[in-house]
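All remarks here apply to the structure that follows.
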Amino acid sequence: MKSELLTSVLAAIPHPMILISKDGRVDAMNEKAQAMFGPGGIGRHYVTVLRQPVLLDCVEETLRLNQQRRSRFLTTEMTREATYDVTTSPVQGETGRGLLVFFEDVTDREQAEQIRRDFVANVSHELKTPLTALLGFIETLRGPARNDASARERFLSIMEREAERMNRLVRDLLSLSRVESEERMRPEERVDIVALVNSCALTLRPMARDNGVTINVTGHTASVFVQGDSDQLVQVFTNLIENAVKYGGSGGVVTVDISVADRELAFRGPGVNVAVIDQGEGLDPVHIPRLTERFYRVDGHRSREMGGTGLGLAIVKHIVNRHRGRFRIESAPSEGSRFSVMLPVV
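In UniProt numbering, the protein residues as written are 1 to 346.
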């Protein structure tokens, strides 16, 4: 009866667990543990089942000292790397003292922590460069260039540019934080997406002319309404069109194409698709899955020269997610790029 109860308890626990007797034999393994270490482990010595040195050390110390031990275990499951916190605890069983090995999957937690560490490191790096430049110019203005009017004007111009760079970064960080915090809250405003996209294009045409680029809005012209946040949607299409102008190359054309589908599979109903298409150099497809990561840049130096913070497409992704939409990127070397936003129609 006790053995059946133990088996039932282990089976009900959603984490890998192994019970080892005082003589080192495996008394019980739940299904999760058998999936990790293979079937047929019950009755065998733990050394032949666990095999990994870090696990063997934990078990040996608990058996020898009768004390709980903790460790971390890395393994490969199917196509992913998994991280487990492992706890070995002394227990009293039918046959005397033994131990329980408990595995907790902390892969997602570790990945989130790594993302946080990377984010802090990237922000620090992005701020350090302009700050270092500012401090250097301040020192120069207080010393060798104190009485040099032309040098002073030149340095002040550079300092202003670096300060603007920091301002853009802080602004985008605040925007990203706000968008992420609101991502699960669906907006309630009724927005004419056709009018909004045309307004964004109109606003950016002077900048496009300065860059020798033409912006054309094509496709659907009648009003199409979506449930959305107009300010955030302006941010999305301004970002995409502005990027297309910057990276599309002088003399090129940026096409903003609007199309409507009576039934969009992604939404099980009508949808509107806004595609921003440029004639730039295009991208190697290997970069596409990472373009919406924070601070990911294909060409970091060029992006900074263009005034980019590396956060724009991350902001776009989160805003589109909030609107229950889809964001798609298509590109190939020498073929330009196409950034598509699909939204459900109300």
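Cβ coordinates follow ideal geometry from the N, Cα and C atoms, glycine included.
Local Cβ density within 10 Å of residue i, reported as buried at 16 or more and exposed below that
i: residue 285; result: exposed
i: residue 208; result: buried
i: residue 255; result: buried
i: residue 12; result: exposed
i: residue 138; result: exposed
i: residue 18; result: buried
i: residue 131; result: exposed
i: residue 91; result: exposed
i: residue 144; result: exposed
i: residue 153; result: exposed
i: residue 157; result: exposed
i: residue 327; result: buried
i: residue 1; result: Summary for residue 1: the model assigns pLDDT 40, below 50, so the residue's position carries little reliability; its value from the coordinates is reported in the next sentence. Label assigned to residue 1: exposed.
i: residue 322; result: buried
Residue i in three-state terms, based on DSSP
i: residue 79; result: coil
i: residue 235; result: helix
i: residue 73; result: strand
i: residue 87; result: strand
i: residue 1; result: Confidence at residue 1 is low in this model, with a pLDDT of 40, below 50, so the placement of that residue should be treated as unreliable; the coordinate-derived value is given next. Of the three classes helix, strand and coil, the one that applies to residue 1 here is coil, per DSSP.
i: residue 255; result: strand
i: residue 223; result: coil
i: residue 157; result: helix
i: residue 294; result: coil
i: residue 347; result: Because the chain is modelled from 1 through 346, residue 347 falls outside the range shown and cannot be assessed.
i: residue 283; result: coil
i: residue 13; result: coil
i: residue 243; result: helix
i: residue 25; result: strand
i: residue 97; result: strand
i: residue 203; result: helix
i: residue 19; result: strand
i: residue 167; result: helix
i: residue 216; result: strand
i: residue 152; result: helix
i: residue 145; result: coil
i: residue 208; result: helix
Whole-number beta carbon distance between residue j and residue i, since they are thought to touch under 8 Å
i: residue 226; j: residue 343; result: 5 Å
i: residue 240; j: residue 316; result: 7 Å
Residue range of the unbroken beta strand (DSSP E) whose run includes residue i
i: residue 37; result: Not the beta strand (DSSP E): residue 37 falls in the alpha helix (DSSP H), residues 31 to 37.
i: residue 188; result: Careful: residue 188 lies outside any beta strand (DSSP E) and carries neither H nor E.
i: residue 337; result: 337 to 344
i: residue 275; result: 269 to 277
i: residue 326; result: 326 to 331
Start-to-end residues for the alpha helix (DSSP H) that takes in residue i
i: residue 119; result: 107 to 142
i: residue 53; result: 53 to 65
i: residue 319; result: 312 to 322
i: residue 50; result: 46 to 50
CB contact below 7 Å: residue i versus chain C
i: residue 344; result: Looking for chain C here will not work: only one protein chain is present.
Inspect the CB distances between the region 246 to 254 and the region 269 to 289 and report whether three or more fall short of 8 Å. Counting Cβ pairs under 8 Å, three or more are found: they touch.
Could you check whether the region 259 to 272 touches the region 228 to 235, counting it as contact only if at least three pairs of C-beta atoms, one from each stretch, sit closer than 8 Å? No, they do not touch.
Does the structure place the region 68 to 86 close enough to the region 96 to 110 that three or more beta carbon pairs sit under 8 Å? Taking one beta carbon from each stretch, the region 96 to 110 and the region 68 to 86 have 3 or more pairs nearer than 8 Å; the two touch.
Is there contact here, the region 158 to 168 with the region 329 to 338, by at least three beta-carbon pairs under 8 Å? With a cut-off of 8 Å, the region 329 to 338 and the region 158 to 168 do not count as touching, because too few Cβ pairs lie within range.
Can we say the region 111 to 124 touches the region 32 to 44, given the rule of at least three CB pairs closer than 8 Å? By the Cβ test, the region 111 to 124 is not in contact with the region 32 to 44, since fewer than three Cβ pairs between them sit closer than 8 Å.
Does the region 211 to 222 touch the region 256 to 269, meaning 3 or more C-beta pairs lie closer than 8 Å? Per the Cβ contact rule, the region 256 to 269 is in contact with the region 211 to 222 (3 or more Cβ pairs under 8 Å).
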